[in-house]
Amino acid sequence: MATATKKKASSTKQRLQPLGDRVVVRRDELEEKTAGGIFLPETAKNKPSRGVVVSVGNGRLLEDGSRSPLQVKEGDKVVFSMYAGSDTFTVGDEEVILLREDDILAVVEG
Numbered sequence: 001m002a003t004a005t006k007k008k009a010s011s012t013k014q015r016l017q018p019l020g021d022r023v024v025v026r027r028d029e030l031e032e033k034t035a036g037g038i039f040l041p042e043t044a045k046n047k048p049s050r051g052v053v054v055s056v057g058n059g060r061l062l063e064d065g066s067r068s069p070l071q072v073k074e075g076d077k078v079v080f081s082m083y084a085g086s087d088t089f090t091v092g093d094e095e096v097i098l099l100r101e102d103d104i105l106a107v108v109e110g
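Mapping the sequence shown onto our numbering, position 25 (from 1) lands on 25, and the numbers just tick up by one.
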């Protein structure tokens, strides 16, 4: 009698590992209403230019062959250029964008 083998569902979480000076960022949630309390329709919302760094590359390659470490690290809350990150990917169940470190304008502290 043949025995049925149950396969366990793979619980490995996909991860996008950027190369060089690139950074993977998860955008903050879209604002549903303004500070004045006005609710915004989907068509009037701008994509947020803030997010959280999910993963970072190994740094920019310098002329002497060494790597310059990135200034941001995983978990940093960042502000980036509104027009940066046209490369949007879905990894697992979340949407992330791929940016160059130069597209990041600031790290939000606190």
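By construction, the Cβ of each residue, glycine as well, lies at the ideal position given by its N, Cα and C atoms.
Inset, instruction - Take the Cβ of residue 15 as the centre, count every other Cβ of all protein chains shown within 10 Å, and call the residue buried at 16 or more, exposed below. - result: Start at 1 with the first residue of the sequence shown, and residue 15 comes out as number 15. Flag for residue 15 reads exposed.
Inset, instruction - Have a look at the DSSP bridge pairing and note the partners of residue 94. - result: Within the sequence shown, residue 94 is the residue found at index 94, counting from 1. DSSP lists 91 as partners of residue 94.
Legend entry - Delimiting residues of the beta strand (DSSP E) encompassing residue 38: Along the sequence shown, one-based indexing puts residue 38 at 38. Here residue 38 belongs to no beta strand (DSSP E), and DSSP marks it neither H nor E.
Inset, instruction - Under 7 Å Cβ to Cβ from residue 94, same chain only, skipping five residues before and after it: list those, please. - result: As a first step, residue 94 must be located in the sequence shown, where it is residue number 94. Closer than 7 Å at Cβ, skipping near neighbours: 26.
Inset, instruction - Could you work out which residue in 90, 49, 108 and 100 is closest to residue 75 when comparing CA atoms only? - result: Here residue 75 refers to the residue found at position 75 when the sequence shown is read from its first residue. The option with the nearest alpha carbon to residue 75 is 108.
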